[in-house]
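Trainee: My questions will all concern the structure given below.
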Amino acid sequence: MLSAAALSAAWLRNPWLLWGVGPILASVTGFSAAAALLELLLATSWFDSCLITYASSSNTPRKQLMAATHKRISFTKQLRGSAKTLLGPNNVINGIGLTLLMLWAQPHVAAWMPGTVFGFLVQFVALSLVGDFGLYWGHRVQHESKLLWRLHSKHHAIDTPSPFSTLFIHPTDAALQGAIPFAVAALVVRPDPGVLYIYIAARISENALNHSGIDSPLLDLLTLKTLPFRAPAAFHDAHHKYCNHAYKASNYGESFWLWDWAFGTLCPLSGRAASKAAGGEAKQADIKAR
Numbered sequence: 029m030l031s032a033a034a035l036s037a038a039w040l041r042n043p044w045l046l047w048g049v050g051p052i053l054a055s056v057t058g059f060s061a062a063a064a065l066l067e068l069l070l071a072t073s074w075f076d077s078c079l080i081t082y083a084s085s086s087n088t089p090r091k092q093l094m095a096a097t098h099k100r101i102s103f104t105k106q107l108r109g110s111a112k113t114l115l116g117p118n119n120v121i122n123g124i125g126l127t128l129l130m131l132w133a134q135p136h137v138a139a140w141m142p143g144t145v146f147g148f149l150v151q152f153v154a155l156s157l158v159g160d161f162g163l164y165w166g167h168r169v170q171h172e173s174k175l176l177w178r179l180h181s182k183h184h185a186i187d188t189p190s191p192f193s194t195l196f197i198h199p200t201d202a203a204l205q206g207a208i209p210f211a212v213a214a215l216v217v218r219p220d221p222g223v224l225y226i227y228i229a230a231r232i233s234e235n236a237l238n239h240s241g242i243d244s245p246l247l248d249l250l251t252l253k254t255l256p257f258r259a260p261a262a263f264h265d266a267h268h269k270y271c272n273h274a275y276k277a278s279n280y281g282e283s284f285w286l287w288d289w290a291f292g293t294l295c296p297l298s299g300r301a302a303s304k305a306a307g308g309e310a311k312q313a314d315i316k317a318r
């Protein structure tokens, strides 16, 4: 039987495992763990005071709105859709494409991780910025193109999202907001494979949080959403609330509000956690100040 060190070395030498299988496993693991945990939290009453609500919804409880969404598009159907996105042929194609790209861009890999913590942080932050910039435009073009909106509207049929609705999307949508931004970020940054895996797992886990409807200071702290320019869960939730239409939508970014601010697509309103909702709708400035 091969030792762990031998298996690690063999994996590093095989580009199909390194850049194909590895990122797929990172995405499946990151999303499954985060979405399952968040759905479990929603099934309890522990975070009910943190559920996002809107004054324009006549103060209808979030869970009641989610139940109404599940009547239109069942939880089982949403779960199957997310599973298809993660485990279907489109993700296999993504793995093949990334492998071919990295074979050209980074044919020789000597180590899993950078030699220093600083090196890791530089690569991770760079991946996050480039990836979210790509996601911003991959998302925006789907609202501004009639053809692409027809595909993206599948996801927007879910006006009150929940974690397992995150990947209830068309394969083209998955490519424009996931595979292509990941590939561009990897091409620009040329990361060590371990950093890329952690980034993909973290990014897709954050995506599940952004669709959970939970605006929790604790979860924001754990996911580093309290850092400058970072977008809280309420940021993307407002996109589902106010932007279920083509053209002139807002809040296209997922990890950062920076790109929406820079390109004039920042939403002026967002929801608030139920415990803070007495003041009505929140100004976007309140989000930026957090």
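Each residue of the sequence shown is one higher than the one before, counting from 29 in our numbering. By construction, the Cβ of each residue, glycine as well, lies at the ideal position given by its N, Cα and C atoms.
CB Ser283 to CB Leu294, shorter than 8 Å?
Mentor: Here residue 283 corresponds to residue number 255 of the sequence shown, with the count starting at 1. Here residue 294 corresponds to residue number 266 of the sequence shown, with the count starting at 1. Not in contact: Ser283 and Leu294 (Cβ atoms no closer than 8 Å).
Trainee: On the criterion of 16 or more Cβ atoms from any shown chain inside 10 Å, does Lys253 qualify as buried, or is it exposed?
Mentor: Position 225 of the sequence shown holds residue 253. Buried: at least 16 other Cβ atoms inside 10 Å.
Trainee: Three or more C-beta pairs under 8 Å: does that hold for the stretch 178–196 against the stretch 213–229?
Mentor: Touching, no, given that fewer than three Cβ pairs across the two stretches are closer than 8 Å.
Trainee: For Phe59, which three-state DSSP category applies?
Mentor: As a working note, residue 59 is residue 31 in the sequence shown. Residue state, collapsed to three classes: helix.
Trainee: Evaluate contact between the stretch 199–211 and the stretch 124–141, counting only Cβ atoms and requiring at least three cross-stretch pairs below 8 Å.
Mentor: The stretch 199–211, when compared against the stretch 124–141, does touch it at the 8 Å Cβ threshold.
Trainee: Between which two residues does the alpha helix (DSSP H) containing Trp39 stretch?
Mentor: On the sequence shown, residue 39 is found 11 positions in, with the first residue counted as 1. Counting along the chain, the alpha helix (DSSP H) containing Trp39 begins and ends at 32–41.
Trainee: By Cβ distance below 7 Å, which residues in the same chain neighbour Tyr275 in space, the five residues on each side in sequence not counted?
Mentor: By one-based count along the sequence shown, residue 275 stands at place 247. For Tyr275, where only same-chain residues beyond five positions count, the Cβ hits under 7 Å are His171, Glu172.
Trainee: Return the residue from the list Asn42, Ser190, Leu107 that minimises the CA-CA distance to His264.
Mentor: Counting from 1 along the sequence shown, the entry for residue 264 is found at position 236. Per the Cα distances, Ser190.
Trainee: For His198, report the span of its alpha helix (DSSP H) as first-last.
Mentor: Translated into the one-based positions of the sequence shown, residue 198 becomes position 170. Looking at the DSSP string, His198 is not in any alpha helix (DSSP H), and its letter there is neither H nor E.
Trainee: Could you round the C-beta distance between Ile232 and Ser55 to whole angstroms and report it? I think they count as a contact, below 8 Å.
Mentor: What you label residue 232 is simply residue 204 of the sequence shown in a count that begins at 1. What you label residue 55 is simply residue 27 of the sequence shown in a count that begins at 1. 5 Å between Cβ atoms; contact.
Trainee: I'd like to check one pair, Arg168 with Tyr280: are the Cβ atoms closer than 8 Å?
Mentor: Here residue 280 is taken as the residue at index 252 of the sequence shown, counted from 1. Here residue 168 is taken as the residue at index 140 of the sequence shown, counted from 1. Yes, these two residues count as a Cβ contact at 8 Å.
Trainee: At the level of alpha carbons, what is the spacing between Asn272 and Arg100?
Mentor: Numbered from its first residue, the sequence shown carries residue 272 at position 244. Numbered from its first residue, the sequence shown carries residue 100 at position 72. The straight-line gap from Cα to Cα measures roughly 15 Å.
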